[in-house]
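Here the numbering used here runs 90 ahead of the position in the sequence shown, where the first position is 1.
Reading through the C-alpha cells given below for one structure.
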Amino acid sequence: MFPRHRPRRLRTTPAMRRLVAETSLEPRHLVLPMFVADGIDEPREVPSMPGVVQHTRDSLRAAAVQAVDAGVGGLMLFGVPGEDDKDPVGSAGSDPDGILNRALADLAAELGDATVLMADTCLDEFTDHGHCGVLDDRGRVDNDATNLRYVDLAVAQAAAGAHVVAPSGMMDGQVGAIRDGLDDAGHTNVAILAYAAKYASAFYGPFRDAVGSSLVGDRRTYQQDSANIREALREIDLDVAEGADAVMVKPALAYLDVLRAAAEVSPVPVAAYQVSGEYAMIAAAAANGWIDGPSAALESLLCIRRAGADIVLTYWAVQAAGWLA
Ligand code: PBG
C-alpha cells in the first residue's frame, strides 16, 4: 500500500523547500534597537546582553552606518542619560541637548533617508523614579500629565530628525495626544509606531540593565496583564482610531497568539519586539554550547514573522542580516 498523500515530496530538496516556503525573513523586516549613553568615552558592554553595548555618540554613528549597510529596515534609538540628568519629569528626554535628541540629530545628519530612524518615546530612561510617566502626589503614574510630557518628547524627537516616534508607555490616549502635538508643530509626516499591546513582562529584565533603569517596583498599573488578549485587541483598536501608523506587540515569543490575533484585525502594519530577555536566553544557552545560537535566533525570528509580524525589532538584526546573506 502506497500512501496517496506524501507531504514529504515538498520537502525533498532545499530548492523545493525554498519554492514552497510560506514565510520569508529578510533584513528589511528587521529593526535594530540601539542604546546611546551620555558621559561615557568608550562603548560599554551590557552584561546581561552579550554583544549589545551602550554606545557613545561616535560609536553609535559608526554602528548605525554598519547596520544600514547590512540592509536592516530601521533603527530604534534609546537614550541613557547620566544619573545627574534624571529628574521626576524626565526633562532630559525633551531637551534638544539631551543625549537621545543629540544622537538622533547625529544619525539624521549621517544617514538622511537611507534608513527609517525611530525613537523610543517614553520617560522611564529619564526619570529618577524610573516610571514611564510623571507621578501624582500619591506616587501614582498620572495618565494625562504624562501625555503632555510625551508630546514634548515626540516633538523634540521629530525636530531632531526621527522619521518615526514610538510611544512605549501604555498611557491611555497617548497616540492621539502625540498625533495632535506633532501636527501642531508641523511634523505631519512623522509617523507613530504605537506600542499598542505591551505586557508587564519579566522578559524586560536585561533592558533595564541596558538603560540603567532606576525603577523600584513594577509597571502593572499601565502595562498589560499577561493573562489577557481581549484587552490587547482593544488597545490596538484605540491606537488605530487615534492615528497610529503601525502597532506593536511586545514581547514576541511568549505572545505569538496575541501577535496572530493582532495581524488578523490590524489595518496598519504590525511590529513585534523580540525583547532583551528573549535575546539573553538564547545568547546564554548558546554561550554554554546548549543550543546553536544563529539557528535558534533565525528560527525565532522566522516564527515571529509567521505569526503575523510585518516588522521585527531584534538585537540580532545586524547579525541576522549576515546569516541570511
Ligand atoms: C520602555 C521600554 C522598555 C522596553 C522598551 N521600551 C522597558 C520597560 O517597559 O520596562 C523593553 C525592551 C526590551 O526588553 O528589550 N521605555
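A virtual CB, placed ideally from N, CA and C, is assigned to each residue, including glycine.
These figures come from a predicted structure and were not determined experimentally.
Item	Value
Quick test of the definition: if touching needs 3 or more C-beta pairs under 8 Å, does the segment 235-250 touch the segment 314-332?	no
What's the C-alpha gap between A127 and P171?	6 Å
Kindly provide the ranges of any alpha helix (DSSP H) runs that are 4 or more residues long and lie completely inside the segment 131-177, ordered along the chain.	147-160
Starting from the C-beta of N233, find all residues in its chain whose C-beta is less than 6 Å away, skip the five residues before and the five after it, and write them out in chain order.	M261, D262
Hey, is R151 close to ligand 1, as in C-beta under 8 Å from one of its heavy atoms?	no
Just reading off the alpha helix (DSSP H) that P123 is part of, what are its end residues?	Where P123 is concerned, there is no enclosing alpha helix (DSSP H), although the beta strand (DSSP E) it sits in stretches over 120-127.
Going straight from the alpha carbon of A386 to that of V255, what length do you get?	30 Å
Does the contact criterion of 3 or more C-beta pairs under 8 Å hold for the segment 157-167 versus the segment 127-147?	no
Going by DSSP, name the residue or residues bridged to D210.	A256
Excluding the 5 residues preceding and the 5 following L120 in the sequence, name in chain order all residues of the same chain whose CB lies nearer than 7 Å to its CB.	V162, G163, V402, T404, A407, A410, A411
Flag Q313 as yes when its Cβ comes closer than 8 Å to any non-hydrogen atom of ligand 1, and as no otherwise.	yes
Flag P171 as yes when its Cβ comes closer than 8 Å to any non-hydrogen atom of ligand 1, and as no otherwise.	no
Give the straight-line distance between the Cα atoms of W308 and A290, rounded to the nearest whole angstrom.	Position check: residue 308 holds Asp in this sequence, whereas Trp was assumed. Each residue's alpha carbon lies about 8 Å from the other.
Would the beta-carbon of K176 fall within 9 Å of that of S356?	no
For a quick check, are the C-beta atoms of A377 and V136 less than 9 Å apart?	no
How is the alpha helix (DSSP H) around L391 delimited, first residue to last?	383-397
With burial defined as no fewer than 16 other Cβ atoms inside 10 Å of the residue's Cβ, what is the status of A111: buried or exposed?	exposed
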